[in-house]
Amino acid sequence: MQGLLLATALATLGWPAHAFAVPAVTTPTVLSGTEVDLEIGRVTVNYSGKASVATAVNGSVPGPLIRLREGDAVTIRVKNNLDEMTSIHWHGLILPTDMDGVPGISFGGIAPGETFTYRFVVKQSGTFWYHAHTLAEQTGLYGPMIIEPKSEPPLAADRDYTIMLSDWTDEAPLQVYLNLKKMSGYYNFAQPTVGDFASDAGKLGLSGALSKRAMWNKARMNPTDLSDVSAATYTYLLNGAPSARRWTGIARKGERVRLRFIGAGTATYFDVRVPGLMLTVVAADGQPVEPVDVDEFRIGPGETYDVIATIADDRAYAIFAQSMDRTGFVHGVLAPRDDMSADIPPVDPGSWLDPIDMMGGMAGMAGMGPAGQDHGMVETAPKARHARTEYGANTDMRVDFPRTNLDDPGVGLRRNGRRTLTYADLRTAGPAADPREPQREIELHLTGNMERFVWAFDGVKLNDSKPLHFTPNERLRIILVNDTMMTHPMHLHGMWSDLESPDGRFQVRKHTISVQPAQRVAFRVTADAMGRWAFHCHLLYHMAAGMFREVVVA
Amino acid sequence: MTTSRATWLLALTGLAMTTVAGPALSQQVKPAVNAEAAGSNDQAMSPDMPMGDQQKDGSSAPPMNMPGMDMSGGKPGADARDPDAYSDGYRNSTLPGYEMADKISVAKVLVDELEFLTNKQGQGISWSGRITNGPDNDKLLLRSQGLKQSGERLDPESSVEAFWWHGQRPFWGTILGVRQDIGPGAHRWIAGGIEGLAPYWFDVQLTGYVGDDGRLAARLKASYDVLLTNRLILVPQLESNAYSKAAPERGLGGGLSNLELGLRMRYEIRRKVAPYVGFVWERSFGETADFRRLAGENPTERRFVAGLRIWW
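Chain order of the listed sequences is A and B.
Reminder that position 201 of the first sequence reads as 201 in the numbering used here, one-by-one numbering, no gaps.
Reminder that position 102 of the second sequence reads as 1102 in the numbering used here, one-by-one numbering, no gaps.
Have a look at this one:
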C-alpha cells in the first residue's frame, strides 16, 4: 500500500490549479442516516499564509461529520474525483475486512473516477473518525464520525462539539518523507547547542553538564527528538482552523459541554487543556471509561477522548493544544458569543527526554528516574526477548529491561504541576467484553534507526516481513516493547485492543495504544474478525518507513 | 623506512576492517551510561572491558550488564526470538496497491564544500561532495574532492570515487568500489572502507586503496558538527592521506603524506542551503613536503575559505 501512498504523494507534487474554490474553513456539515455519499476532491486552502491545495471530502477539511446509529446497516458511497488512487479507512470500527479501506490489504484502493461502496453493520457507538490510508491523510483527507448508542441514554450534556486536532504542511507529504530519509533531524531546530551546554554548566557545573549529555551522545541519540516533524513546517489545526482563525464553540455559564477530541495529527501528539476548566474524561477511543478529572491530557494520532467540561463563567476559554515537541500550538475558543478571544497560555518550554526514555526500568534501578516525579515509581519488566533481527542495521537501540508502569504522562508532561491523564487512569466501565485469560502471547518490539529514518517491528520492515497469524476466536496477549526513544501510537485494525495493567489485568479497551520510549505494554485481543488486517504505528511517516505488520485471522 | 610505512598503512587499513567486521563497534556503544550518570560507581564497567563473551551467553546478570550497554549491533543470544515465529507460513497480501514506501530509493546530492580560497600564494577553488542513491541500506555512492590553487598543480588528492555503500550496522556502512585520480600521474584504485557515525556524533570516513600497480594508500576523514545555534554550525574537520610508495609525477611521497585541519562555520539559511567561511591549515610530510619545496610550494599552507554547502 505504501507505493500507493507514494503515487498519491507524487501527484501532490504537481497540483493542478483547477481546484474548486471552497472556503478553507467551514463548520463541517453533518451527514446522517444509513446512506451517506462522499466525494474526494481537491480544494484550495490557506493555512500558512500561502495558498495551497488540500484533499477534501465533500469540499471541506476536515470532511463532514458522519453520524451513524449503532445497529444500523449503513451504505457509504465514496467517489474519487482525484487523478490518483485514494481510500478511506474507518478508524476503530469493527467491520468486515474488505470494508476497512486499507489499499493493498482490504482492497485495491479507489481508482480515479471510481465509486467504492462501503457496506457494514454498525456494531459499536462512540467517537471515531475516518481518514485516508495513504500519504493523502497529511493533505487533509480525514473527518469525524459519531455513532449514537442503540439503547443507552445519551450522556447528559447541554452541548456536544467534536474537536479534531491535525497538522498541515504546504510541503507535499512525499517531500516530508524524503527530507526525513535524507536528514532525520530536518525539522528539529531544538537540538542541544553550545549555549545550552554553557547554561547547564552554569547550573550543574562542568561535570554535571557533561554527564547530562554523556549517555545521549555516546549512544548517538538526540534527547530532543520528540517529534519527527515540527512547526518548522506544520501549521496545527483545530477543526480545520489554525489559531489565527480560531474555531469557536458557544458555551454559557453552567452548561455541561461534551468535547469529543480526535487526534488526527499525522506526526503530532497534542497536549490539550482548557485553562480554568476541569476536564472529566468519560470515554477513550469511543468506549466509556470510569470518569476521571484532569487538567490536561495527551492525545496521539488515532486516539479519541470524550471529555465533559462544566462552564464556570460567562467568559471565553481557550481550548489549548500544544504539540508534544513544544514547537507550536493551536487553540479554539469556548465562549458565550462567537466574537470573543480567550487568553492563550504560553507554550511550555521544550524538554529533553528523561533517562527512563532510553534506559527503561534500569534507569529507575540506577536512581536515574526523574527527580521529584509525582507519577509513581518505575516498574521493571522481566528481561525483554529481542528478536534476532534486532541485531542488524535497522535497529539503533534495544532496551533490555523496559519499564511497565502506565502512570507516566510522558516526556514534557512530567512534574509540570498539572493533573495530567495517564493510561493508569483509564478504566473501562464494567468488565472486559471477553473475560477469558489470554491463551498465548505474541511479543513484538518497536524498533528504529533514527539516523536513517528506518522504522520497523523487530527490525523488519513491512516489505521484508511475514504477517502475524491469529487463530479464529483465540484470546491472545500482544506484548509491545518500545526499543526506540519515540512514542508510537500503535493501531490494530478490525479488533479491539484491551490494554492490561502492569500486573496483567484487563484495564481499558482501546483501538490505538501509545507506547512510550523504553516502555513495555501488553494488551489482549480477541481474534473474532476473519481476514487480513493492518497493524501499524499511526505516525504516518513511521508507517510508510516500515513500522507496519499485516495480521491474518484464519 | 618503507617497511615501517607499509606497517603503518596496514595497521590503518586493518583498523578499518576490524571496525567494520568485529564486535569493536558494539563495545564502543556498550558503556552507554557512565558511572556518574548512573550514580553507582561499583556497578559501572570500564569502557574498555571486552563484552563479547558475556553477550553470547545472554545470561549475564543485570548489574554487570549495565542498562543499555549493548544497545545496538552485536550478536543475538541463543534465546533470541524468531521474527517469523508468528506467521505460521502465511505470506503478506498481494493485492494491488501493496507497494513499497519502505523500499524507496532515495537520491541525495550533497555539495558539502564548494569554496573559494585565498592564501599567501594566491587564490583557488576547492570542492568536496557526494551523491547517494538507493534504498535504506544499499546505495550507490559517488564521492569527489579536489583543490586547485593558482600557480599550482591540481592537488594530488583530487579524485572521483564510486562505491557500493552497504549499511552494515546501525551507525556504520561499508564501502567497496573504485577511485580515479584526477590530474597528472593519475592512478586507478580499488577502494574499500567504512563510513559512519562514531559515538559522540563524530562523522568518520576511513578508506583503504590498492592502486593499479599494486601500491597502497589510505585516507581518513573525520568531522564534527558543533551547534552554536540550530542554524549556526561550526565544523572542525580532519583529513589525512598516506601512500605506500612515492608518485613523483603527482608530487606525493611514500608514508604519511599530509594532514589537513579545517574549521568552517556555516549558517543554514534553510536546511539545504548554507553559506560558510572557514580556515584550513595543511601540512605535508616527508617526501611529499620535499616535492612541494622542489616545486617552490610551501609544505605548510594556511587558507581562508568561503563557500556554499547545498544539498537536495
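Even glycine gets a Cβ: it sits at the ideal position worked out from N, Cα and C.
Since we're looking at a predicted model, the values are computed, not measured.
| message | Across the stretch 305 to 324 of chain A and the stretch 343 to 355 of chain A, are there enough close Cβ pairs to call them in contact, namely three or more that are closer than 8 Å? | response | Cβ pair count under 8 Å is three or more, so yes.
| said: One question on the structure: do E1152 of chain B and E1297 of chain B come within less than 8 Å of each other, judged by their Cβ atoms? | reply: yes
| For the putative contact between R1235 of chain B and Y1224 of chain B, defined by C-beta atoms under 8 Å, what is the C-beta separation to the nearest angstrom? | Checking the displayed sequence, the identity of residue 1235 of chain B turns out to be Val instead of Arg. Yes, they are in contact, since the Cβ atoms of V1235 of chain B and Y1224 of chain B sit about 7 Å apart, within 8 Å.
| query | Under 8 Å Cβ-Cβ, which residues of chain A neighbour F1171 of chain B? | reply | R220, D396 and E451, listed in chain order.
| query | Count the other CB atoms within 10 Å of the CB of P153 of chain A; is the residue buried (16 or more) or exposed (fewer)? | reply | Result: exposed.
| message | Going by DSSP, what residue range makes up the beta strand (DSSP E) through F535 of chain A? | response | Start and end: G531 to C537.
| request: Consult DSSP for E1113 of chain B and reduce its assignment to one of helix, strand or coil. | output: strand
| task | Look at the alpha carbon of D1181 of chain B and the alpha carbon of L1216 of chain B, and state the distance between them as a whole number of angstroms. | result | C-alpha separation (whole angstroms): 14 Å.
| query | Buried or exposed: where does P1184 of chain B fall if 16 or more other Cβ atoms within 10 Å of its Cβ makes it buried? | reply | exposed
| said: Between G1073 of chain B and chain A, is any beta-carbon pair separated by less than 8 Å? | reply: yes
| Taking P629 of chain A as the reference, which of A:Q138, A:T169 and A:F128 has the closest Cα? | Residue 629 of chain A is absent from the model: chain A starts at 1 and stops at 554.
| query | In chain B, which residues lie with their C-beta within 8 Å of the C-beta of K253 of chain A? | reply | In chain order: nothing, as chain B lies at least about 45 Å away.
| F1304 of chain B, buried or exposed, once every other Cβ within 10 Å from all chains shown has been counted against 16 | exposed
| Considering N1241 of chain B, what are the terminal residues of the beta strand (DSSP E) in which it resides? | From DSSP, the beta strand (DSSP E) with N1241 of chain B extends over L1232 to Y1243.
| query | So is D225 of chain A in contact with chain B if we call contact Cβ pairs under 8 Å? | reply | Put simply, the CB of D225 of chain A is far from chain B, with every gap to its CB atoms at 8 Å or more.
| Quick one: does A1101 of chain B have its CB under 8 Å from some CB of chain A? | yes
| query | Taking 8 Å as the CB-CB cut-off, is Q1205 of chain B touching chain A? | reply | No, its Cβ sits nowhere closer than 8 Å to a Cβ of chain A.
| task | Indicate whether at least one CB of chain B lies closer than 8 Å to the CB of I344 of chain A. | result | no
| If you count every other CB in all the chains shown that lies within 10 Å of the CB of A560 of chain A, and 16 or more means buried, which is it? | Residue coverage of chain A in this structure runs from 1 to 554, which leaves residue 560 of chain A outside it and unanswerable.
| Continuous alpha helix (DSSP H) stretch holding T471 of chain A: start and end | If you look at T471 of chain A, you'll find it isn't in any alpha helix (DSSP H); DSSP assigns it neither H nor E.
| query | Could you give the uninterrupted runs of the beta strand (DSSP E) lying entirely in the stretch 407 to 459 of chain A, keeping only those of 3 residues or more? | reply | 440 to 449 and 454 to 457
| message | I want to see whether chain B comes within less than 8 Å of L93 of chain A, judged by CB atoms only; does it? | response | no
| From what residue to what residue does the alpha helix (DSSP H) around E1287 of chain B run? | G1286 to L1294
| Contact under 8 Å by Cβ, Y236 of chain A with D167 of chain A | yes
| request: Please decide whether S465 of chain A counts as near chain B, where near means a Cβ-Cβ distance under 8 Å. | output: yes
| request: Would you mind stating whether I88 of chain A and V122 of chain A have Cβ atoms separated by less than 8 Å? | output: no
| query | Taking just the CA atoms, how far does V45 of chain A sit from P64 of chain A? | reply | 16 Å
| task | Would you mind listing the beta strand (DSSP E) stretches within the stretch 187 to 241 of chain A that are 3+ residues and don't spill past its ends, in chain order? | result | Segments of the beta strand (DSSP E) lying fully in the stretch 187 to 241 of chain A: 234 to 238.
| Hey, N1230 of chain B and Q322 of chain A: beta-carbon distance below 8 Å or not? | No, they are not a contact pair.
| request: Closer than 7 Å by beta-carbon distance: list the chain B residues that pair up with M183 of chain A, in chain order. | output: R1271
| request: Note down the Cα distance separating V508 of chain A from E255 of chain A, rounded to an integer number of angstroms. | output: 29 Å
| field | Segment contact, 8 Å Cβ cut-off, at least three pairs: the stretch 66 to 80 of chain A with the stretch 494 to 507 of chain A | value | no
| said: Please list, in chain order, the chain A residues whose beta carbon lies closer than 7 Å to that of W1201 of chain B. | reply: N217 and R220
| request: Please check if any C-beta of chain A sits within less than 8 Å of the C-beta of K1108 of chain B. | output: Interface with chain A (8 Å Cβ-Cβ cutoff): K1108 of chain B is included.
| Which class does G504 of chain A belong to by DSSP, given the choice of helix, strand or coil? | coil
| With C-beta atoms as the reference, is N482 of chain A less than 8 Å away from P402 of chain A? | Taking 8 Å as the Cβ cut-off, N482 of chain A and P402 of chain A qualify as a contacting pair.
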